[in-house]
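Asks: Here's a structure for you.
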Amino acid sequence: MSVRFGIIGTNWITESFIQAASMVEEFTLAAVYSRSEEKAAAFAKKYNAKHIFTSLTEMAESDKIDAVYIASPNSLHAEQSILFLNNKKHVLTEKAFASNVKQAQEMVKAAKENNVLLMEALKTTMLPNFKVIKENIHKIGKVRRAFASYCQYSSRYDAYKEGNILNAFKPEFSNGALMDIGVYCIYPMVALFGKPESVKASSYMLDSGVDGEGSIIMSYAEMDIVLMYSKITNSLIPSEIQGEDGNILIDQMNTPQRIEIAYRNGEKVDVSIQQKEEAMYYEAKEFIDTILAGKSESAINSLDLSVAVIEVMDEVRRQTGIVFPADEK
Numbered sequence: 010m011s012v013r014f015g016i017i018g019t020n021w022i023t024e025s026f027i028q029a030a031s032m033v034e035e036f037t038l039a040a041v042y043s044r045s046e047e048k049a050a051a052f053a054k055k056y057n058a059k060h061i062f063t064s065l066t067e068m069a070e071s072d073k074i075d076a077v078y079i080a081s082p083n084s085l086h087a088e089q090s091i092l093f094l095n096n097k098k099h100v101l102t103e104k105a106f107a108s109n110v111k112q113a114q115e116m117v118k119a120a121k122e123n124n125v126l127l128m129e130a131l132k133t134t135m136l137p138n139f140k141v142i143k144e145n146i147h148k149i150g151k152v153r154r155a156f157a158s159y160c161q162y163s164s165r166y167d168a169y170k171e172g173n174i175l176n177a178f179k180p181e182f183s184n185g186a187l188m189d190i191g192v193y194c195i196y197p198m199v200a201l202f203g204k205p206e207s208v209k210a211s212s213y214m215l216d217s218g219v220d221g222e223g224s225i226i227m228s229y230a231e232m233d234i235v236l237m238y239s240k241i242t243n244s245l246i247p248s249e250i251q252g253e254d255g256n257i258l259i260d261q262m263n264t265p266q267r268i269e270i271a272y273r274n275g276e277k278v279d280v281s282i283q284q285k286e287e288a289m290y291y292e293a294k295e296f297i298d299t300i301l302a303g304k305s306e307s308a309i310n311s312l313d314l315s316v317a318v319i320e321v322m323d324e325v326r327r328q329t330g331i332v333f334p335a336d337e338k
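Numbered according to the numbering used here, the sequence shown spans residues 10 to 338.
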C-alpha cells in the first residue's frame, strides 16, 4: 500500500523532501499545489505528479491524496494544517510547527477530532545518530550541562543589508532566527531532557521586526542547557552534552553525523553510525510507517513534544520582544 502525497510549496526544501521521500517504497507524489498554475504544472511534470491544484480547499477535499506535506511560510502552517486535518488528510508540516502555542493547540485538537496523523517535520530526532545519542547518554554519568549551537549565515541576509527584505526576515511570515534556526537547538534538547523549568533568553532584533540571532538558557532541577543560534553569523563549534563521567560531542545539531564520547580519563570513542545523506528520508519513513500502522501520532515527534517546544519559543519571544501578526489572531 502506498501513501499518496500532496505537496504545498515548490521551493528547495520541498525538492529535498521529495527526493528523500521517494526512497521510501510506499511514497507516491500524487499532487502539487501552487497559487500559479504554470509553476504547479512545471513542478508536477518534473516529479511526475499526476494532479495539480491552485485551490487549497479543492486539494484538501480531493480523493486524489491521503496526506500532505506543508512547506509554506511558518505563518500559514496552522491554517493549512487544520484545513487538511478537517478533511481527514494526514499532515506532515515543516518546522516551526506553528506561529505560537495557541495555533499549535488548535492543530492538535483538529488532528485528534479527525483521528488523523499530524507530525512536525523536524528531521534531527529521526536520524540514526540522534538515536545513538539517546542510547549512549547513560555512559557519561549524571548530565549537568548541555550546549547546542546552530548558526548559519543566511544568503538572504546579504539582500537584507542592501534593503531588500525577503520572506526569511519578515514577521508577517513568523520568521527569524528563533523560528527557522533556533528550533533545531530547542527541539532535540526538549526531546532528550523534557520541557525546562525556566527559560532566560536574549536576542538581537533586526529593524524588520524579527531576530537575527539569539541565546537561551534552559534550566532544569539539576542541570542547564545553553543554546546559541543565528542567521547572521556562522558557527564552527560542535554541540556537547556534559556528564559527570564524560562528554558527548555532536558535530552539528541540525543533522548530527559524527558522535563522539570523550571520557574523563582521556579515552575517546566514535559511536557514530552510517546514515543516509538524504536526511529527510527518516522523517518521511516515520510519517508513512505511522500511517500504515494505523496510528495517529508519531512515537518520536509526538504532539506533546511539538507543543512543549512551541511553549519554550513563545516564552523566548515574550522575553525578547519578538511579535508576529499571527499572535493577534
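We put the beta carbon where it would ideally sit given N, CA and C, even for glycine.
1) Name the DSSP bridge partner or partners of Phe62?
2) From the DSSP output, in three-state form, read off Ile282 for me.
3) Since Ala113 and Val280 are thought to touch, with beta carbons under 8 Å apart, how far apart are those beta carbons, to the nearest angstrom?
4) Looking at the strands, I want to know which residues DSSP matches up with Thr37.
5) What number of angstroms, rounded off, separates the C-alpha of Arg273 from the C-alpha of Met232?
6) How many Å lie between Phe182 and Ile319 at the Cα?
7) Under a Cβ-count criterion, where at least 16 other Cβ atoms within 10 Å of its own Cβ denotes burial, should Asn124 be classed as buried or exposed?
8) One question on the structure: do Ser84 and Thr102 come within less than 7 Å of each other, judged by their Cβ atoms?
9) Please go through the same chain and pick out, in chain order, the residues whose beta-carbon is closer than 6 Å to the beta-carbon of Thr19, but skip the five residues on each side of it.
10) Keeping to the same chain, check which residues put their C-beta closer than 7 Å to that of Asp260; ignore five residues upstream and five downstream.
11) Which two residues bound the contiguous alpha helix (DSSP H) that contains Phe26?
12) Within 10 Å of its beta-carbon, does Tyr162 have 16 or more other beta-carbons around it, so buried, or fewer, so exposed?
13) Straight-line CA distance for Trp21 to Met214?
14) Between which two residues does the beta strand (DSSP E) harbouring His99 extend?
15) Is the CB-CB distance between Ala76 and His99 below 7 Å?
16) To which residues does DSSP link Tyr156 through a beta bridge?
17) Alpha carbon to alpha carbon, what distance is there between Tyr196 and Ile282?
18) Going by beta carbon distance, what residues of the same chain come within less than 7 Å of Ala39, once the five residues before and after it are set aside?
19) Could you say if the stretch 115-122 and the stretch 192-211 meet the contact criterion of at least three C-beta pairs nearer than 8 Å?
20) Could you pull the DSSP bridge partners for Leu127 from this structure?
21) Excluding five sequence neighbours on each side, which residues of the same chain lie with their C-beta closer than 6 Å to the C-beta of Gly185?
22) Is DSSP giving Ile309 helix, strand or coil here?
23) DSSP on Val2, reduced to helix/strand/coil?
24) May I ask which residues mark the beginning and end of the alpha helix (DSSP H) holding Tyr166?
25) For Gly203 and Leu314, what's the separation of their Cα atoms in angstroms?
26) From which residue to which residue does the beta strand (DSSP E) around Asn138 run?
27) Under a three-way DSSP split, which group does Asp72 fall into?
28) Could you round the C-beta distance between Arg211 and Ser228 to whole angstroms and report it? I think they count as a contact, below 8 Å.
29) In three-state terms, what does DSSP make of Lys48?
30) Can the beta-carbon of Ser311 be found closer than 7 Å to that of Glu295?
31) My guess is that Glu70 and Asn96 are in contact by the Cβ rule of under 8 Å, so how many angstroms apart are they, rounded?
32) Is it the case that the Cβ atoms of Glu324 and Val208 are separated by a distance below 7 Å?
Replies: Inspection of the coordinates gives the following:
1) As a working note, residue 62 is residue 53 in the sequence shown. Answer by DSSP bridge pairing, in chain order: Tyr42.
2) To locate residue 282, count along the sequence shown from 1; it is residue 273. In the structure shown, Ile282 sits in coil (DSSP, three-state: anything other than H, G, I, E or B).
3) In the sequence shown, counting from the first residue as 1, residue 113 sits at position 104. In the sequence shown, counting from the first residue as 1, residue 280 sits at position 271. Not really, about 34 Å apart at Cβ, beyond 8 Å.
4) On the sequence shown, position 28 is the one that residue 37 refers to. DSSP output for Thr37 lists Arg13 as bridge partner(s).
5) Against the sequence shown, residue 273 aligns to sequence position 264. Against the sequence shown, residue 232 aligns to sequence position 223. Those two C-alpha atoms are separated by around 19 Å.
6) Within the sequence shown, the letter at position 173 stands for residue 182. Within the sequence shown, the letter at position 310 stands for residue 319. Rounded to the nearest whole angstrom, the CA to CA distance from Phe182 to Ile319 is 16 Å.
7) Working through the sequence shown from its first residue, we reach residue 124 at position 115. Counting every other CB atom within 10 Å of its CB across the protein chains shown gives Asn124 a total below 16, marking it as exposed.
8) As a working mapping, residue 84 is identified with position 75 in the sequence shown. As a working mapping, residue 102 is identified with position 93 in the sequence shown. Contact flag unset, no.
9) For the purposes of this step, residue 19 is taken as the residue at position 10 of the sequence shown. Ser43, Lys48 and Phe52.
10) Indexing the sequence shown from 1 puts residue 260 at position 251. Scanning its chain for C-beta atoms nearer than 7 Å, with the 5 sequence neighbours on each side dropped, one finds around Asp260 the residues Pro247, Gln266 and Arg267, in chain order.
11) Your numbering for residue 26 matches position 17 in the sequence shown. In this chain, the alpha helix (DSSP H) harbouring Phe26 covers Trp21 to Ala30.
12) Translated into positions along the sequence shown, residue 162 becomes position 153. By the 10 Å Cβ count, Tyr162 comes out exposed.
13) Counting from 1 along the sequence shown, the entry for residue 21 is found at position 12. Counting from 1 along the sequence shown, the entry for residue 214 is found at position 205. Taking the straight line from one Cα to the other gives about 27 Å.
14) Against the sequence shown, residue 99 aligns to sequence position 90. His99 to Glu103 is the extent of the beta strand (DSSP E) around His99.
15) For the purposes of this step, residue 76 is identified with residue 67 of the sequence shown, where counting begins at 1. For the purposes of this step, residue 99 is identified with residue 90 of the sequence shown, where counting begins at 1. In this structure, Ala76 lies near His99, with their beta-carbon atoms less than 7 Å apart.
16) The count along the sequence shown starts at 1 and reaches residue 156 at position 147. Residue identity check: residue 156 is Phe in the sequence provided, not Tyr. The secondary-structure analysis by DSSP pairs Phe156 across a beta bridge with Val235 and Glu249.
17) Taking the sequence shown and counting its residues from 1, the one referred to as residue 282 is at position 273. Taking the sequence shown and counting its residues from 1, the one referred to as residue 196 is at position 187. The C-alpha of Ile282 lies about 22 Å from the C-alpha of Tyr196.
18) Taking the first residue of the sequence shown as 1, we reach residue 39 at position 30. Cβ neighbours of Ala39 beyond the five flanking positions: Arg13, Phe14, Gly15, Ala58, Lys59, His60, Lys73 and Ile74.
19) No, the stretch 115-122 does not touch the stretch 192-211.
20) Position 118 of the sequence shown, counted from the start, is the residue given in the question as residue 127. According to DSSP, Leu127 shares a beta bridge with Val100.
21) Translated into positions along the sequence shown, residue 185 becomes position 176. The residues are Val219 and Asp220.
22) Taking the first residue of the sequence shown as position 1, residue 309 is located at position 300. Note: Ile309 maps to coil in three-state DSSP.
23) Since the first residue shown for the chain is 10 and the last is 338, residue 2 is missing from the structure and cannot be characterised.
24) For the purposes of this step, residue 166 is identified with residue 157 of the sequence shown, where counting begins at 1. Per DSSP, Tyr166 belongs to the alpha helix (DSSP H) from Ser164 to Lys170.
25) Taking the sequence shown and counting its residues from 1, one reaches residue 203 at position 194. Taking the sequence shown and counting its residues from 1, one reaches residue 314 at position 305. Looking at the two C-alpha atoms, the distance is approximately 8 Å.
26) Sequence index remark: in the sequence shown, residue 138 carries index 129 (1-based). Per DSSP, Asn138 belongs to no beta strand (DSSP E); it is in the alpha helix (DSSP H), Pro137 to Asn145.
27) Along the sequence shown, one-based indexing puts residue 72 at 63. Looking at Asp72 - three-state DSSP - the assignment turns out to be coil, as it is neither helix nor strand.
28) Taking the first residue of the sequence shown as 1, we reach residue 211 at position 202. Taking the first residue of the sequence shown as 1, we reach residue 228 at position 219. Residue 211 is actually Ser in this sequence, not Arg. The C-beta distance from Ser211 to Ser228 rounds to 15 Å, too long to fall under 8 Å, and the pair is not in contact.
29) Along the sequence shown, one-based indexing puts residue 48 at 39. Taken through DSSP and simplified to helix, strand or coil, Lys48 comes out as helix.
30) Residue 311 sits at position 302 when you count from the first residue of the sequence shown. Residue 295 sits at position 286 when you count from the first residue of the sequence shown. In this structure, Glu295 does not lie closer than 7 Å to Ser311 by Cβ.
31) What you label residue 70 is simply residue 61 of the sequence shown in a count that begins at 1. What you label residue 96 is simply residue 87 of the sequence shown in a count that begins at 1. Rounded to the nearest angstrom, the Cβ distance from Glu70 to Asn96 is 6 Å, consistent with a contact under 8 Å.
32) Mapped onto the sequence shown, residue 324 falls at position 315. Mapped onto the sequence shown, residue 208 falls at position 199. Yes.
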